[in-house]
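Mapped onto the working numbering, the consecutive letters of the sequence shown carry residue numbers 1 to 194. The beta carbon of each residue, even a glycine, is placed where N, CA and C say it ideally should be. Just so we're clear, the structure is a prediction, and the values are computed from it rather than from any experiment. These notes concern the structure reproduced below.
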Amino acid sequence: MQGHIFKLLFFLGMMWHGAVTAQISAQLSMLVNSCVVCHGTNGSSVGPATPTIAGMRRFLFVTAMQDMKSGKRPSTVMGIIAQAYSNNEIELMADFFSTQKIVRYPQKFDAKKAQKGKVLYEQYCKGCHNINGRTQSLSNVIAGQWIPYLRIRLSEFRYQGASSPVMADILEYFIQNNSEDSLEELIHFYGSHQ
Ligand code: HEC
Ligand code: HEC
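Laid out in structure tokens, this is it:
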């Protein structure tokens with residue numbers, strides 16, 4: 001008899017678990033469906049001004065959403081979009097996007113600039129954006145990110161520095177010792193990863 005009860009409880013447990021999972025994934029797929037329109041299948045964007053968000057570090061995803069929602073981080077469309085989501089929904093979406101594999105779609109880049117950029121990267125960026133920025137380190141994955149988006153993001157750091165004190169200082173230092181063209185070379189270096 002006791003064995004039967006255990007079996008029954010086990011069976012109910014399975015059903016319960018299944019139901020909850022199904023409920024979460026229905027909610028989740030509803031949430032992320034409205035993002036992938038712009039950010040691409042599972043968060044790998046087909047570009048060019050919309051960033052890939054697949055493989056983004058979980059806490060950076062949450063921070064980015066909260067900061068764009070509050071206006072602390074500048075944005076064109078995300079500030080408005082982010083306001084539609086609760087903290088809980090943002091956490092759910094963070095679980096999803098941070099665990100998706102990145103698909104890097106080919107994009108045009110200048111090979112000469114990318115080559116020069118590699119040298120600059122070694123000197124100025126490698127310490128924090130490790131393995132060519134291919135993996136999550138201190139920031140979102142930037143290797144293979146869309147070149148036009150990288151350009152926008154870097155200019156945000158430079159001219160709206162409050163959104164990242166770290167990057168604002170680094171870019172100021174970088175420009176002082178190099179040039180606008182060198183920054184473009186770095187952008188092509190990161191964009192060349194496909
Ligand atoms: C209309 C197109 C559009 C939709 C829909 C959209 N995004 Fe975005 N997203 C953008 C653009 C463009 C940016 C760059 C910031 C800006 O200009 O708003 C961005 C930036 C982001 C970033 C910052 C990435 C980084 O590298 O720091 C995150 C995170 C993000 N979006 C998440 C989402 C989520 C989650 C959804 C769905 C709820 C979503 N987006 C829906 C266009 C969109
Ligand atoms: C001292 C560490 C450090 C160094 C060195 C550094 N970065 Fe960053 N970078 C960061 C951090 C931290 C972030 C996350 C944004 C923030 O500060 O909120 C970031 C973010 C970025 C982003 C935006 C990623 C995204 O999707 O939102 C880009 C692009 C970037 N860095 C490029 C560079 C380049 C190019 C260099 C070399 C000139 C560089 N970084 C050097 C720490 C660093």
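Contact between the region 41-58 and the region 87-104 is defined here as three or more beta-carbon pairs at a separation below 8 Å; is this criterion met? yes
Look at the Cβ atom of A143, then the Cβ atom of H193, and state whether they are nearer than 8 Å. yes
Segment limits, alpha helix (DSSP H) that includes Q115: A111 to Y124 is the span of the alpha helix (DSSP H), which, as asked, contains Q115.
Rank L31, E184 and I152 by C-alpha distance to the C-alpha of P48 and give the top, closest one. Ranking the options by Cα distance to P48, first place goes to I152.
Mapping the DSSP letters down to three states, classify Q83 as helix, strand or coil. coil
In whole angstroms, what is the alpha-carbon distance linking E156 and M30? 31 Å
Unbroken alpha helix (DSSP H) runs of length 4 or more, entirely within the region 142-168: which are they? 147-159
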